[in-house]
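Novice: Chains as they are written, first to last, in my numbering: chain C, 34 to 624; chain X, 5 to 353; chain D, 5 to 542. Ideal Cβ positions, reconstructed from N, Cα and C, are used throughout, including at glycine.
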């Protein structure tokens with residue numbers, strides 16, 4: 034009979050999507066008086082924890098038996114009974130379901146700072162955070178250190194903004210500290226909008242108190258008594274946990290009036306964004322909080338001088354704030370021991386695409402792309418590695434032959450991409466680079482606020498050119514037109530969105546010009562992605578005449594007698610690929 | 005007033021007010037920088053991007069309209085790179101414009117047309133989809149042709165910043181961004197027409213003057229509004245002895261702003277109801293007579309009443325809508341010509 | 005204007021429009037600025053954007069309230085009580101400008117005595133404005149370096165209009181808000197040249213330039229200048245003329261560009277009086293309601309066919325220029341006056357309007373420095389401007405008041421001449437709306453304006469309407485002791501409980517059928533802003 038059992042279930046959005054709620058429910062049932070674990074229920078505690086990164090293996094469940102941790106993967110509700118029976122009651126882990134080596138490999142090379150408590154603490158319980166050293170930073174700062182000292186500490190840690198631009202955080206705080214003002218604000222930018230990015234969401238879902246603590250220290254440094262978390266309304270779980278955390282922090286005296294008896298007061302409001310990508314741009318975000326349409330304005334003046342309601346304002350993103358308490362408690366030297374000369378600390382990335390270990394990772398700045406993809410990411414899922422797209426719609430593609438590149442601010446910028454907020458999409462040989470560029474352009478064009486001409490009309494025209502290229506209607510000169518227009522848009526747009534929108538095109542042309550040329554000159558999509566240029570044919574030798582493809586075809590383009598090779602009428606074919614997917618004999622050929 | 009500072013524009017040293025933007029400083033020093041979205045009376049916007057300039061020490065081109073001048077600043081208003089960007093911007097705008105200058109009211113008075121001319125943009129590298137909007141008829145004053153809108157945002161800003169109303173805003177995103185009232189429906193408008201006066205293209209115009217004459221056809225006469233006491237300066241656009249439009253200049257007491265009466269309320273000038281002939285009541289009915297008859301009748305009748313009952317049996321009511329000169333003459337006539345102080349006007353009404 | 009002239013020795017807006025944007029406090033009382041002086045309102049909005057605070061005092065929730073920091077909703081006709089209780093707080097909290105009072109004014113003690121009883125609580129009782137708002141208004145107004153008061157007919161068109169003006173003047177003087185930029189006492193003039201026609205002496209007691217007719221030197225000066233014998237008696241005001249005509253004493257009236265049969269209070273009374281005249285001459289651009297009663301109608305031209313000058317609300321003389329030739333036989337007013345005068349033996353020979361203008365400068369020193377060439381620009385020149393090299397005067401009283409010291413005038417609250425009772429339970433207040441002007445002769449002939457605002461209406465609060473079972477848009481009869489009109493109800497949260505508002509632009513339902521002829525004893529202004537009416541389903 035075990036003395037203490039702690040069951041931790043990954044209940045980030047990814048975990049919940051994989052069925053974590055039902056798993057938790059099953060644990061509750063099995064550990065109730067009528068369940069198989071009735072006998073041990075007194076000793077068992079169950080916790081939600083936030084994302085622990087390896088989303089591909091959800092639902093992940095930790096069973097900690099007298100301090101001995103066993104992690105299960107791919108857990109479904111019907112597996113819970115056995116775990117309770119064999120492991121919790123009888124003490125024999127269900128070895129079949131325990132995570133394998135690659136789970137440990139995934140974590141081994143990571144260095145967790147902001148994610149160190151994610152997946153460990155219960156995000157809805159402040160005491161859980163405190164038990165791991167939470168709010169020690171606030172306690173050590175407020176009333177004991179001067180704001181100048183703390184700013185100095187952040188500066189010497191080398192922390193740079195994790196939202197994309199990489200501006201030194203300490204310096205930003207210093208700029209906002211300097212001006213005299215009756216009112217200052219601190220804003221946490223949680224308007225994470227890059228397609229495929231979920232770093233900030235996971236941090237808030239997994240450890241909201243670290244963000245609150247970081248903001249409070251920031252507010253103390255610049256002299257703000259009001260703060261906002263601007264967060265997407267599409268993140269309901271993050272919003273819920275953030276609100277709970279704010280409530281608890283206030284109750285515990287870490288927020289509100291006269292914090293820890295120091296005379297310093299600070300309150301945080303949650304402001305929901307309506308899902309406009311451009312509101313991640315700081316001046317647009319400010320406009321949105323002020324109740325106006327979220328449109329950027331020219332800088333200077335920078336928000337640190339004139340921000341929200343015209344007052345000095347610091348805007349940092351979630352990950353930046355979350356780093357702060359760790360820097361304060363463990364010291365700037367500890368923090369700057371990670372990373373490169375100019376890019377200190379770690380960075381969280383959302384690793385997605387054609388990679389085996391999809392998930393959330395945190396690595397020291399400067400780790401090579403190769404290590405990330407092969408050692409942590411476990412390599413390609415199926416195809417052959419082709420490129421990595423970093424930095425989301427503002428970023429670029431890094432081709433195969435640059436896989437040894439170090440991932441830090443400077444190195445990525447040098448090859449035409451960016452660290453950005455941390456999106457990392459791995460592409461393989463089935464990805465068409467023109468199509469990838471088009472995907473991001475569609476996104477930025479749709480999300481352009483419409484204020485400035487180059488972004489509003491220019492990205493539309495870029496998209497139209499990409500459209501025709503992918504439709505096999507590209508004209509000679511289109512590549513040059515994309516390059517000149519793209520450069521003009523970069524040079525003349527108002528905000529970061531427009532200034533970086535052409536990056537996916539420019540970098541794919543730079544490294545994959547041959548693919549563009551194939552589309553335009555040969556009307557051929559080398560990755561066989563662009564529908565208009567595909568031809569589906571049935572290989573006579575391979576076809577068994579099973580008729581499945583003919584049944585699947587929505588346009589009756591396939592004909593043939595049973596047990597004899599079938600034929601596709603190219604005039605009727607709509608290139609949907611249904612036959613390709615249906616054929617069990619690989620008899621449908623696509624090119 | 006900020007201190008005066010020295011800056012260099014296109015190699016020329018100029019001394020300017022330190023509180024200005026680069027655009028303002030350049031304009032006041034006689035340098036031309038193109039723009040669609042700037043107006044001195046509105047807050048800097050930086051939307052159209054045409055006023056991009058190069059400033060020494062700043063790697064990217066910056067918009068002159070949003071950049072404050074600083075002492076020693078070296079500005080270049082034009083170079084190959086900047087002209088290339090401006091040209092691309094105009095070309096992009098034209099690629100989404102009806103380009104129907106032949107029938108547009110604003111031909112000859114259109115910033116976009118001038119820019120197209122300046123850059124010689126007959127061809128366009130970017131022809132593509134064009135925004136298409138149905139005509140809508142929400143009001144009797146303002147004609148909207150949103151396909152001609154260049155999203156400069158002046159209308160939106162003047163409505164909010166100057167008029168304090170905020171009846172319109174940019175809605176939708178991306179290429180589909182459009183200026184409209186909330187939900188394209190709930191128009192809370194005062195019909196001051198400030199937006200119309202600022203529109204740089206043919207997107208907004210007045211229904212009353214649409215099709216009545218273009219810039220080259222009109223003679224402009226400056227005068228003062230006949231309505232309330234604000235004394236707004238009006239510019240009457242006259243064509244064929246008809247006032248076809250009213251506008252106002254920024255360098256006036258009213259800063260170029262008008263109200264619906266001032267801007268749209270001029271039709272009475274050519275009303276068919278205007279009196280065209282003197283009338284005398286004959287057999288209980290007012291009948292047309294000649295001036296000679298009317299004047300003789302009035303003077304004789306006034307004369308005989310004055311003789312019979314004395315001058316104080318006559319009174320005169322003057323008008324707050326007549327000129328100073330007419331009022332002066334009127335009271336002089338009543339006082340010196342009739343001989344009574346029975347003269348008043350409607351100051352109390 | 006008579007009120008201000010009594011206090012300061014000159015009656016006009018003390019400050020000018022461009023200064024408004026630099027006020028620290030704007031106290032707007034009895035003025036629906038956004039609708040009736042829209043361009044002044046824009047300057048006020050600019051001031052607020054620059055950080056100014058605005059107090060609006062109005063029985064109706066006029067559009068300006070949206071921009072105000074504080075709205076005082078006084079009952080119609082209770083302005084004196086409101087102002088006195090504001091002053092009570094200012095004196096009690098010692099927010100007065102002692103030095104200004106000592107240097108520039110007299111009789112302050114009398115006002116202190118008169119307002120002693122007007123505690124904020126008493127103010128609340130009379131006006132309906134909560135006492136704490138009165139206190140707050142006092143602190144805002146008196147607590148800033150530059151506070152300007154802006155008012156219009158909501159202050160003056162009362163049987164105690166002059167007393168209202170005295171109160172305003174008292175308030176401005178005790179806080180030293182006169183004689184400097186961006187402050188002052190600012191009556192906003194409602195018609196394009198109402199300032200000009202007063203300046204030009206179209207008032208029975210003054211020659212041009214506020215020179216009193218009953219002062220011998222003035223009389224002699226003008227007899228000499230005009231080469232004519234002039235009457236030494238003060239003449240009749242417009243309202244007195246109507247009464248005199250009614251009695252049969254006044255025999256002839258020559259009306260140039262006015263429409264009293266629409267704009268006077270109790271217009272049935274006015275029409276009857278005009279009907280008794282031996283001769284009614286009306287000179288206008290349209291066949292107005294008054295012209296229809298005339299014996300002779302003389303066709304004049306619109307402003308677009310005239311050369312001359314207008315003087316706007318901030319004493320700014322600006323050029324009017326001829327743009328089109330007039331229709332038919334219409335002639336400009338000056339031509340007509342000169343013809344009649346000539347036929348009656350008093351020749352007036354001038355070489356165009358500029359010649360007339362220059363003569364004005366010879367009889368009124370404050371105009372002497374202004375010439376057509378100086379008012380070419382869009383900014384005009386503001387009188388007083390005594391010499392060619394004088395820049396004009398943006399704000400008055402920089403060197404003290406024309407009469408020497410500003411005189412405080414103790415004023416006590418009096419009820420309006422007609423108050424509500426069981427039979428006539430609503431207080432009616434009248435005024436203009438954004439899309440029309442005065443009696444509507446011009447704006448109602450402008451299609452889009454008439455389209456956007458085609459008909460008369462009475463504004464009534466939802467609570468009052470529901471008690472009467474009146475719905476939005478339904479026809480009602482509004483009656484006073486003088487008459488009845490039928491018009492549509494417009495349910496609105498603008499008026500307070502028990503208050504209704506009717507614009508006076510619409511001849512089909514002329515508000516002035518209902519209004520009271522009671523006038524202010526000093527300046528004879530009628531009480532358009534309050535009378536008792538009843539509202540019944542039509």
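Using a Cβ cut-off of 9 Å, pull out every chain X residue sitting near residue 331 of chain C, in sequence order please.
Specialist: 48, 49, 50, 66, 67, 69, 70 and 71
Novice: Check whether the stretch 291-310 of chain X touches the stretch 231-251 of chain D, taking contact to mean three or more Cβ pairs, one atom from each stretch, closer than 8 Å.
Specialist: no
Novice: Quick one: what's got a C-beta closer than 7 Å to residue 267 of chain C's C-beta in the same chain, skipping five residues either side?
Specialist: 308
Novice: Going by the CB atoms, is the gap between residue 495 of chain C and residue 527 of chain C shorter than 8 Å?
Specialist: no
Novice: Report yes if the C-beta distance between residue 506 of chain C and residue 575 of chain C is below 8 Å; otherwise report no.
Specialist: no
Novice: Check the Cβ of residue 282 of chain D against every Cβ in chain X and list those closer than 8 Å, keeping chain order.
Specialist: 305 and 309
Novice: Comparing the C-beta of residue 335 of chain X with each C-beta of chain C, is any distance below 8 Å?
Specialist: Residue 335 of chain X does not count as touching chain C.
Novice: Indicate whether at least one CB of chain C lies closer than 8 Å to the CB of residue 178 of chain X.
Specialist: By this cut-off, residue 178 of chain X is an interface position.
Novice: Mind pulling the beta strand (DSSP E) runs of 3 or more residues that sit fully within the stretch 152-185 of chain X?
Specialist: 173-175 and 182-184
Novice: Are residue 279 of chain D and residue 302 of chain D touching if we call contact CB-CB under 8 Å?
Specialist: no
Novice: So what does DSSP say about residue 114 of chain X, is it helix, strand or coil?
Specialist: coil
Novice: Along the stretch 114-138 of chain X, what residues have a CB closer than 8 Å to any CB found in chain C?
Specialist: 129, 130, 132 and 133
Novice: Would you say residue 365 of chain C and residue 190 of chain C are within 8 Å of each other, going by their C-beta atoms?
Specialist: yes
Novice: Measure the alpha-carbon distance for residue 234 of chain D versus residue 342 of chain D and round it to whole angstroms.
Specialist: 18 Å
Novice: Could you pull out every residue in the same chain whose Cβ sits closer than 6 Å to the Cβ of residue 350 of chain C, ignoring the five residues on either side in sequence?
Specialist: Cβ within range, chain order: 195, 196 and 222.
Novice: Taking C-beta to C-beta, are residue 410 of chain D and residue 11 of chain D nearer than 8 Å?
Specialist: For residue 410 of chain D and residue 11 of chain D, yes; Cβs fall inside 8 Å.
Novice: Helix, strand or coil, according to DSSP, for residue 170 of chain C in the structure here?
Specialist: helix
Novice: Nearest chain C C-beta to residue 100 of chain X closer than 8 Å, yes or no?
Specialist: yes
Novice: Show which residues of chain A have a CB atom less than 9 Å away from the CB atom of residue 173 of chain X.
Specialist: In summary, chain A is missing from the structure at hand, where the protein chains are C, X and D.
Novice: Between residue 143 of chain C and chain X, is the shortest Cβ-Cβ distance under 8 Å, so that the two count as touching?
Specialist: no
Novice: Helix, strand or coil, according to DSSP, for residue 77 of chain C in the structure here?
Specialist: It is a strand residue.
Novice: Going straight from the alpha carbon of residue 562 of chain C to that of residue 470 of chain C, what length do you get?
Specialist: 13 Å
Novice: Measuring straight from C-alpha to C-alpha, what distance separates residue 519 of chain D and residue 130 of chain D?
Specialist: 23 Å
Novice: Only counting the same chain, and skipping five residues up and downstream in sequence, which positions put a Cβ closer than 7 Å to that of residue 256 of chain D?
Specialist: 281, 282 and 283
Novice: Determine, using beta carbons only, whether residue 35 of chain X comes closer than 8 Å to chain D.
Specialist: no
Novice: Counting only beta-carbon separations shorter than 8 Å, does residue 53 of chain X have a partner in chain C?
Specialist: yes
Novice: Strictly under 8 Å for the Cβ-Cβ distance: is residue 181 of chain X near chain C by that measure?
Specialist: yes
Novice: If you measure from the beta carbon of residue 485 of chain C to each beta carbon in chain X, is any gap under 8 Å?
Specialist: yes
Novice: Quick one: list the residues of chain X neighbouring residue 215 of chain D, beta-carbon separation under 9 Å, in chain order.
Specialist: In chain order: nothing, as chain X lies at least about 12 Å away.
Novice: Quick one: what does DSSP say residue 5 of chain D is sitting in, helix, strand or coil?
Specialist: A caution first: residue 5 of chain D carries a pLDDT of 49, below 50, which makes its placement in the model too unreliable to give a value.
Novice: Could you tell me if residue 137 of chain C is buried or exposed, where buried requires 16 or more neighbouring beta carbons within 10 angstroms of its beta carbon?
Specialist: With fewer than 16 other CB atoms across the displayed protein chains lying within 10 angstroms of its CB, residue 137 of chain C is exposed.
Novice: My guess is that residue 3 of chain D and residue 445 of chain D are in contact by the Cβ rule of under 8 Å, so how many angstroms apart are they, rounded?
Specialist: Given a span of 5 to 542 for chain D in the structure shown, any question on residue 3 of chain D remains unanswerable.
Novice: May I have a chain-ordered list of the alpha helix (DSSP H) segments no shorter than 4 residues that lie completely inside the stretch 266-347 of chain C?
Specialist: 269-284 and 315-322
Novice: Could you tell me the distance, in whole angstroms, from the CA atom of residue 360 of chain C to the CA atom of residue 523 of chain C?
Specialist: 36 Å
Novice: Mapping the DSSP letters down to three states, classify residue 96 of chain D as helix, strand or coil.
Specialist: helix
Novice: How far does the beta strand (DSSP E) with residue 282 of chain X in it extend, from its first residue to its last?
Specialist: Where residue 282 of chain X is concerned, there is no enclosing beta strand (DSSP E), because DSSP gives it neither an H nor an E.
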